Amino acid sequence: FVMGEGAASLILEELEHARVRGAKIYAEVLGYSLNNDAFHMTTPLPSGDSCIRAMRDALADAQVAPEQIDYVNAHASSTQLNDSAETMSIKEALGERARKIPISGTKGYHAHPLGATGAIEAAVCALALDRQWIPPTINYQNPDPSCDLDVVPNHGRAAELNYIMSNSFGFGGINACIVMGRVR
3 FVMGEGAASL ILEELEHARV RGAKIYAEVL GYSLNNDAFH MTTPLPSGDS
53 CIRAMRDALA DAQVAPEQID YVNAHASSTQ LNDSAETMSI KEALGERARK
103 IPISGTKGYH AHPLGATGAI EAAVCALALD RQWIPPTINY QNPDPSCDLD
153 VVPNHGRAAE LNYIMSNSFG FGGINACIVM GRVR
């Protein structure tokens, strides 16, 4: 866990309005969810129920099935409790599809800027959709056996990306998830 500082700004507007003004559109926000389990200041709820609910609710809000997700930007704070709990939650929320979805965490690039993390990672996801490229988990050297999903290690991966899910699971039990889609 490496603390950092940073910021990101995204312009959110109606899709048709952006098209009319000729804006470069990187991605579309399709759905999101936010909840809080208030379990512990720094430890995730062991059952993962709130994280699972955040992912499922975001998918429902987006009207996107787990089978349609092409990439998951994990919260991936590189702490043993959080990463294993998130892996378990992804498996439960996405079912059998979870093992086939490329997953990475981008904090190796920008560290953990706490409150800015969600915005920074949403910008990364928008760029991933625009460029059809999955950012890697850099400095990935010692895989945790409990994190047994398709982690994209050290080098990015070209891929056809139509739908991305991004998790932000933070201190105090806050759980947020956003589903973004490619704009054609």
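One point on numbering: in the numbering used here, the residue at position 124 of the sequence shown is 126, and numbering is uninterrupted. We treat Cβ as the ideally placed atom computed from N, Cα and C, and that holds for glycine. The model shown is predicted, which means the values in this text are computed figures rather than measured ones.
Spatial neighbours of G183 within its chain, please: CB distance less than 6 Å, with the 5 preceding and 5 following residues excluded, ordered by chain position.
Locating residue 183 in the sequence shown gives position 181, counting from the first residue. These residues qualify, in order along the chain: E30, L32, Y165.
Compute the Euclidean distance between the alpha carbons of T45 and Q134, then round it to the nearest angstrom.
Along the sequence shown, one-based indexing puts residue 45 at 43. Along the sequence shown, one-based indexing puts residue 134 at 132. C-alpha separation (whole angstroms): 34 Å.
I'd like to know if the stretch 152-166 and the stretch 122-138 are in contact, where contact means that at least 3 CB-CB pairs between them fall below 8 Å.
Contact between the stretch 152-166 and the stretch 122-138 is present, with at least three C-beta pairs closer than 8 Å.
Pairs of beta-carbons, one from the stretch 48-61 and one from the stretch 8-27, closer than 8 Å: are there three or more?
At 8 Å Cβ cutoff, the stretches do not touch.
Considering only the alpha carbon of each residue, which of G117, D72, I27 lies closest to R99?
Stepping through the sequence shown from its first residue, residue 99 is reached at position 97. Proximity to R99 across G117, D72, I27 peaks at D72, based on C-alpha coordinates.
Buried or exposed for D85, going by 16 or more other Cβ atoms inside 10 Å?
The sequence position of residue 85 within the sequence shown is 83, counting from 1. Its Cβ being crowded by 16 or more others within 10 Å, D85 is buried.
For G107, which of H77, E94, E88 has the nearest alpha-carbon?
The residue labelled residue 107 in the question sits at position 105 within the sequence shown. By alpha-carbon distance to G107, the top candidate from H77, E94, E88 is H77.
Which residue from S168, N177, T119 puts its Cα closest to that of M5?
Residue 5 sits at position 3 when you count from the first residue of the sequence shown. The option with the nearest alpha carbon to M5 is T119.
Continuous alpha helix (DSSP H) stretch holding E94: start and end:
Numbered from its first residue, the sequence shown carries residue 94 at position 92. Counting along the chain, the alpha helix (DSSP H) containing E94 begins and ends at 82-96.
Is the beta carbon of S35 sitting closer than 7 Å to the one on A56?
What you label residue 35 is simply residue 33 of the sequence shown in a count that begins at 1. What you label residue 56 is simply residue 54 of the sequence shown in a count that begins at 1. A contact, by the Cβ cut-off of 7 Å.
Whole-angstrom Cβ separation of N38 and N177, contact assumed at under 8 Å?
Position 36 of the sequence shown, counted from the first residue, corresponds to residue 38. Position 175 of the sequence shown, counted from the first residue, corresponds to residue 177. So it is a contact: roughly 7 Å between Cβ atoms.
In or out: K26 buried (at least 16 other Cβ within 10 Å) or exposed?
The residue labelled residue 26 in the question sits at position 24 within the sequence shown. K26 comes out exposed.
Suppose you measure from the CA of E58 to the CA of V22; what does that come to, to the nearest Å?
As a first step, residue 58 is located in the sequence shown; it is residue number 56 there, counting from the start. As a first step, residue 22 is located in the sequence shown; it is residue number 20 there, counting from the start. Per the sequence shown, residue 58 should be read as Arg rather than Glu. Roughly 33 Å separates the two Cα atoms.
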